[in-house]
């Protein structure tokens with residue numbers, strides 16, 4: 001691969017006038033990319049609106065998708081060339097959980113950006129259990145322990161306690177499970193026979209597409225949900241719910257969405273893949289540039305009906321560094337949406353491994369796997385090699401700073417210290433099995449779920 | 001006996017001619033849903049205004065009054081319903097969104113022009129730097145405007161409807177002419193007719209994706225999926241009505257055809273088709289109506305381009321304008337449905353000479 005790049009670079013310098021030095025020899029120039037109406041699709045919208053795709057010679061159509069399943073199927077069938085994806089989707093598709101198809105990611109889209117919201121009614125029941133600050137406002141982060149007595153009441157009355165997340169392998173599923181488990185609640189297990197994920201659950205989690213979350217909660221089908229922005233802030237604006245925690249408060253700078261393409265596409269179109277990655281890196285840089293100076297402009301873009309389409313003021317809340325919990329309780333959240341700083345776009349193996357550990361924790365991976373398996377899957381799916389090639393080209397063209405990229409990373413982030421995570425359990429991607437065993441609720445090494453029971 | 005003033009005669013003749021013309025036009029006004037024009041023209045032409053006033057009131061006044069009552073009721077009741085997207089919009093807000101959709105369209109056109117200017121410049125630069133092989137002519141990839149969505153839906157419905165008619169009319173004729181064919185077709189019709197369009201959609205989607213594998217064919221997959229779903233649902237009214245029309249031909253005519261020893265082809269073209277035409281057209285009109293309703297539902301569910309997708313996208317946007325924009329789409333869908341029906345009615349009036357108009 002390195003040689004191809006070298007030849008390409010020399011070829012283009014010989015041939016071209018300076019303006020075209022950076023256009024690669026593209027295998028495919030017309031691309032259709034899918035996205036879900038969420039603020040973290042911003043790099044796609046920015047790359048399109050600011051002409052970064054065109055600069056690379058790419059002619060992109062962005063298409064909103066109805067839900068994560070439709071989006072994944074679109075990428076696998078080739079109707080979409082690539083898409084804004086849940087980090088769990090390429091991993092699950094590659095190991096064959098749900099749909100099987102090798103998908104890779106050369107680009108992580110962002111850090112943080114999600115929240116958990118409960119309905120007004122549940123919040124009223126939870127609030128007495130939440131410690132207050134001196135000024136009378138609730139003290140954050142709020143633990144699911146405050147929710148536990150409410151769930152207990154429901155169980156005593158024999159009523160199910162339903163909450164929503166967006167997809168079985170979504171960040172949101174793992175986040176709400178993490179939060180519930182950290183507060184002592186059982187979110188339920190998956191097994192090969194029962195893919196509802198509700199085996200032994202105190203809180204019954206089910207799938208609802210992101211934009212329908214507020215409406216579904218308002219209708220009373222679910223009492224709360226985990227979702228990306230703007231659908232938590234929307235609940236506050238419409239007065240139908242209260243976000244209780246952001247994912248930043250659960251785990252500082254946790255990895256979020258990725259940009260996914262099929263392995264086949266990347267192999268058949270290596271230069272197109274590079275060009276796409278370049279455009280997306282530039283968009284991410286723009287989003288975080290000069291201390292988020294461009295965020296207001298990004299909000300205006302996202303509020304157009306063809307992108308997220310929600311009201312600009314709702315989107316602005318989280319995008320510009322604030323988060324509103326109860327109505328009027330606006331708190332600063334400068335890192336709520338991170339698109340580039342802290343190496344947000346670099347596809348770290350340790351991020352992939354965290355998702356895999358959660359799949360194992362809840363039984364989506366039904367048996368214990370050796371540590372090496374986790375490393376291998378991560379290296380199959382996350383492709384820092386492509387990322388760094390693209391970054392190198394941008395640096396050479398003067399469109400990015402050398403210092404902004406982790407050139408020598410081995411793909412593992414510094415282990416998350418206990419203080420950065422809500423239940424105080426540190427995470428180190430180098431020891432996945434040890435990490436799984438250190439989590440109090442969830443499957444441990446050697447355990448399996450059969451006939452609706454945890455064995456072993 | 002007084003001599004008739006030639007002047008009067010002339011005026012009288014002109015007057016009669018004018019009325020004849022108005023009466024002739026009336027047939028077309030009826031087709032176009034403009035029947036209220038006739039009494040106005042008659043009154044203008046000097047007919048007894050008192051008699052025409054009654055007609056005008058009935059054909060124009062009452063509908064207008066009903067519409068205004070509807071608007072007033074809507075305007076007063078809507079703000080009282082609070083939803084998670086704000087109050088239900090009244091007529092004023094909906095009308096504002098019509099303007100805003102048009103503004104969106106103009107903005108998108110501007111972006112399109114800018115895109116082509118950039119492309120031209122890029123290509124000119126490429127040629128200047130002697131790299132002609134890199135010159136590309138691209139079609140603009142922006143989002144479809146509201147008008148584009150309307151156009152897509154109309155094309156899709158006509159395509160699906162056309163296939164349905166091509167299949168249904170011959171089958172209907174066969175079923176009407178031959179008791180055996182009828183016996184064969186009848187159970188299938190009975191079973192498939194009541195199937196909801198949305199049940200067909202997953203099947204059609206799977207089959208189209210499996211069979212139509214090329215990604216750059218003449219039609220896009222989504223277009224085919226929508227169109228075929230429309231076909232499957234709009235097949236039945238045409239089929240049933242054609243069969244009915246063909247089987248109820250005057251028995252004397254059939255006897256005549258026997259006497260004349262007509263072959264099947266002549267019999268069908270000279271005899272069966274002309275007499276079954278009114279019912280075939282009734283079937284086609286019903287089919288197109290069904291097809292239009294089905295199409296919107298299919299587009300919503302499958303996210304295929306068109307007005308249905310527009311509605312679903314807006315619902316997902318959840319902005320404070322979303323509900324009003326959805327209502328614009330609802331009225332557009334209704335109006336287009338009405339126009340489609342009128343088009344079919346006009347065709348029917350042109351092709352058939354029966355009193356079934």
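Residue numbers (full-length UniProt numbering), protein chains in the order written: chain A, 1 to 456; chain B, 1 to 357.
For every residue, glycine included, the Cβ atom is placed at its ideal position computed from N, Cα and C.
Item: Min CB distance residue 61 of chain A to chain B below 9 Å; Value: yes
Item: Buried/exposed call for residue 117 of chain B, threshold 16 Cβ in 10 Å; Value: exposed
Item: Where residue 65 of chain A falls: helix, strand or coil (DSSP); Value: coil
Item: Buried versus exposed call for residue 72 of chain A [16 or more other C-beta atoms within 10 Å across all chains shown]; Value: buried
Item: Beta-carbon proximity of residue 191 of chain A to residue 448 of chain A, cut-off 9 Å; Value: yes
Item: Residues of the segment 309-324 of chain A whose Cβ lies closer than 7 Å to any Cβ of chain D, in chain order; Value: In the structure shown, chain D cannot be found, because the protein chains are A and B.
Item: The segment 383-403 of chain A touching the segment 336-356 of chain A, judged by at least three CB pairs closer than 8 Å; Value: yes
Item: Within chain B, partners of residue 77 of chain A - CB distance below 7 Å; Value: 209
Item: First through last residue of the beta strand (DSSP E) which encompasses residue 331 of chain A; Value: 330-332
Item: C-beta atoms of residue 169 of chain A and residue 92 of chain A nearer than 9 Å; Value: yes
Item: Contact set between residue 497 of chain A and chain B, taken where Cβ atoms lie within less than 8 Å; Value: What the structure shows of chain A is the stretch from 1 to 456, and residue 497 of chain A is not part of that stretch, so it cannot be assessed.
Item: Residue 37 of chain A: contacting residues in chain B (beta-carbon distance under 7 Å); Value: 316 and 317
Item: Helix, strand or coil at residue 221 of chain A [DSSP, three-state]; Value: coil
Item: Proximal residues of chain A, C-beta to C-beta of residue 52 of chain B below 8 Å; Value: Near residue 52 of chain B there are no residues of chain A at all, since even the closest Cβ is about 48 Å away, more than 8 Å.
Item: Closest Cα partner of residue 148 of chain B within the set B:96, B:351 and B:310; Value: B:310
Item: Distance, residue 161 of chain B Cα to residue 201 of chain B Cα; Value: 16 Å
Item: Completely contained beta strand (DSSP E) runs for the segment 62-133 of chain A, where each covers 3 or more residues; Value: 82-85, 103-108 and 114-119
Item: Length-filtered (4 minimum) alpha helix (DSSP H) runs lying within the segment 159-197 of chain A; Value: 171-182
Item: Residue 87 of chain A vs residue 209 of chain A beta-carbon contact at 9 Å; Value: no
Item: is_contact[residue 303 of chain B, chain A] using C-beta, thresh 9 Å; Value: yes
Item: Residue interval of the alpha helix (DSSP H) (run including residue 206 of chain A); Value: Unbroken run through residue 206 of chain A is the beta strand (DSSP E), 204-207; no alpha helix (DSSP H).
Item: Length of the line joining the Cα atoms of residue 21 of chain A and residue 135 of chain B; Value: Only weak support is given to the placement of residue 21 of chain A: the predicted model assigns it a pLDDT of 47, under 50, and the value that follows is read from those uncertain coordinates. The straight-line gap from Cα to Cα measures roughly 15 Å.
Item: Candidates A:335, A:352, A:299 and A:200: closest to residue 253 of chain A by CA position; Value: A:335
Item: Span of the alpha helix (DSSP H), counted from its first residue to its last, around residue 296 of chain B; Value: 273-302
Item: Residue 453 of chain A - DSSP class collapsed to helix/strand/coil; Value: strand
Item: Where residue 11 of chain B sits in the DSSP three-state scheme; Value: helix
Item: Span separating the alpha-carbon of residue 232 of chain A from that of residue 56 of chain B; Value: 56 Å
Item: Beta-carbon proximity check, residue 297 of chain B vs residue 242 of chain B, cutoff 9 Å; Value: no
Item: Pairwise C-alpha distance: residue 359 of chain A and residue 435 of chain A; Value: 13 Å
Item: Between the CA atoms of residue 232 of chain B and residue 193 of chain B - distance to the nearest angstrom; Value: 9 Å
Item: Residues near residue 316 of chain A in its chain [Cβ-Cβ closer than 6 Å; skip 5 each side]; Value: 299
Item: Where residue 243 of chain A meets chain B, residues with beta-carbon distance less than 8 Å; Value: Ordered by position in chain B, no residue passes the 8 Å Cβ test against residue 243 of chain A, which lies about 15 Å from the chain.
Item: Any C-beta of chain B under 9 Å from that of residue 23 of chain A; Value: yes
Item: Cβ shell of residue 251 of chain A (< 6 Å), same chain only, five flanking positions each side left out; Value: 421
Item: Closer than 9 Å to chain B by CB, residue 234 of chain A; Value: yes
Item: Endpoints, the beta strand (DSSP E) within which residue 32 of chain A is located; Value: 30-35
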